[in-house]
Structures are given as structure tokens and as C-alpha cells.
Amino acid sequence: MKQHSIGTKISKSQVYEAFNEQWIDVHVKNISKKIKLDFQNIVKIWDLKFATENNDIKFSDNKILDKLDPTGEKEIKSVNEKTDMKMNEKRITLI
Numbered sequence: 001m002k003q004h005s006i007g008t009k010i011s012k013s014q015v016y017e018a019f020n021e022q023w024i025d026v027h028v029k030n031i032s033k034k035i036k037l038d039f040q041n042i043v044k045i046w047d048l049k050f051a052t053e054n055n056d057i058k059f060s061d062n063k064i065l066d067k068l069d070p071t072g073e074k075e076i077k078s079v080n081e082k083t084d085m086k087m088n089e090k091r092i093t094l095i
């Protein structure tokens with residue numbers, strides 16, 4: 001943000017521009033925090049386990065796996081069974 005020395009006359013448009021830049025910066029940070037909290041709540045509601053590594057997010061739903069495979073064999077038989085999605089340059093892997 002551009003700073004002016006004391007006593008400098010500032011136009012209404014400059015005040016608006018400075019306010020707008022600050023407002024956007026604050027709200028961008030708040031929005032990302034809200035999305036992260038909502039995402040964590042969804043993960044808890046769905047009872048998913050997830051871990052973040054670098055920019056990767058990995059999910060695994062043990063309840064669904066237990067219901068599908070009651071014998072306890074939870075191996076992934078091929079790479080084709082994994083679903084990869086890309087979201088905002090972060091890789092999300094559903095296991």
C-alpha cells in the first residue's frame with residue numbers, strides 16, 4: 001500500500017483505493033481460514049481421516065473400507081482404483 005507523508009492532500013479515490021486494498025487483503029485471509037475450518041468440519045462429520053503432506057491432501061474412510069471388506073484386507077489392488085483430483089494446485093488423493 002502506498003504511504004503518503006503527513007500533510008499530503010489525498011483524493012477521495014486514493015482513500016477508496018487504500019481502503020479497498022486493505023479490505024480485500026483482510027477478507028482473503030479470513031475466507032481461506034473459513035474454508036479450512038469448514039473443510040475440517042466436513043472431514044469430522046464424514047469421519048474421514050486425512051493427512052497433509054507438502055501440498056498433498058490424502059483421505060481415507062475406514063468405516064467405508066471396513067464395510068466393503070469385512071475380512072480386514074484393505075489393500076489397493078491397482079493404481080486405477082485411486083481417484084486423483086487437482087484443486088487450486090493442490091493434489092487431493094482419495095484412498
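Following the UniProt record's numbering, the numbering of the sequence shown begins with 1 at its first residue and continues without gaps.
C-beta atoms are modelled at their ideal positions from N, C-alpha and C, and glycine is treated no differently.
Every value quoted in this text rests on a predicted model; they were computed, and no experiment measured them.
Asked                                                                                                                                                             : Found
Along the chain, where does the alpha helix (DSSP H) containing Gln3 start, and where does it finish?                                                             : No alpha helix (DSSP H) holds Gln3; DSSP gives it neither H nor E.
So, for Val26: in the same chain, excluding its five sequence neighbours on each side, which residues have a beta-carbon less than 6 Å away from its beta-carbon? : none
If I follow the unbroken alpha helix (DSSP H) through Lys9, where does it start and stop?                                                                         : It is not in any alpha helix (DSSP H) - Lys9 carries neither H nor E in the DSSP assignment.
Heavy atom of the ligand FAD less than 7 Å from the Cβ of Lys33, yes or no?                                                                                       : This structure lacks the ligand FAD, and indeed carries no ligand of any kind.
Grouping DSSP H, G and I as helix and E and B as strand, with all else coil, what is Ala18?                                                                       : helix
Could you give the DSSP three-state label for Trp23: helix, strand or coil?                                                                                       : helix
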